[in-house]
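Encoded as structure tokens, the structure appears first; notes follow it.
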Amino acid sequence: MKLLSSSEAETRDIGRRLGEKLKPGDIVCLYGELGSGKTVMVKGIASAFGIRERDITSASFTIIAEYDTPVPFYHIDLYRLNNHEAAELGLQDYIGGSGISVIEWAERAGSEIPSIHISVNFRHVSENVREIEIEGTEL
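Written out as structure tokens, the structure reads:
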């Protein structure tokens, strides 16, 4: 499914709607250029689990953030890592278990990502408009 977002608020809302569909064990992989809306999407997804927007940040220092929610929520941001470093992170401890894993820059995880996951691809259409393509689930 392809959606257009013309604001951060719309991207957060799409994320919230996606978050409401997730169940334990789900993996959401986010792909797109720097500044395309991945972290904004994570904020929306996390809001569906009662996590405050201000608690979700990019990976300046934290690569894996764990949130104590009824269904464990893991925000994994691989921006600062190369493929080799990501393979050494032990992602298998966070993905596919009883929690929800949302991975920014998922292409850097390589073969660590199981073949069954939800893919979200971001593409700049213009300065404020993003095309968001979601595969693996419907909103």
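Following the numbering used here, the numbering of the sequence shown begins with 4 at its first residue and continues without gaps.
Glycine included, C-beta positions come from ideal geometry on N, C-alpha and C.
Per the coordinates, the alpha-carbon of LEU81 lies some 24 Å from the alpha-carbon of GLU130.
Listed as beta-bridge partners of LYS24 by DSSP are no residues whatsoever. Counting only the Cα atoms, ALA90 lies some 8 Å from SER114. ALA51 carries a coil assignment under DSSP once its states are collapsed to helix, strand and coil.
Listed in chain order, the alpha helix (DSSP H) elements of length 4 or more contained wholly in the stretch 71–110 are 86–90.
By the CB criterion at 8 Å, GLY102 and SER122 fall outside the cutoff.
For the pair ASP58 and ILE30, the Cα-to-Cα distance works out to about 20 Å.
DSSP places GLU136 within a strand segment (E or B) once states are collapsed to three. Within the model, the alpha-carbon separation for SER10 versus ARG20 is close to 16 Å. Within a 10 Å sphere around the beta-carbon of ARG111 sit 16 or more other beta-carbons, which makes this residue buried.
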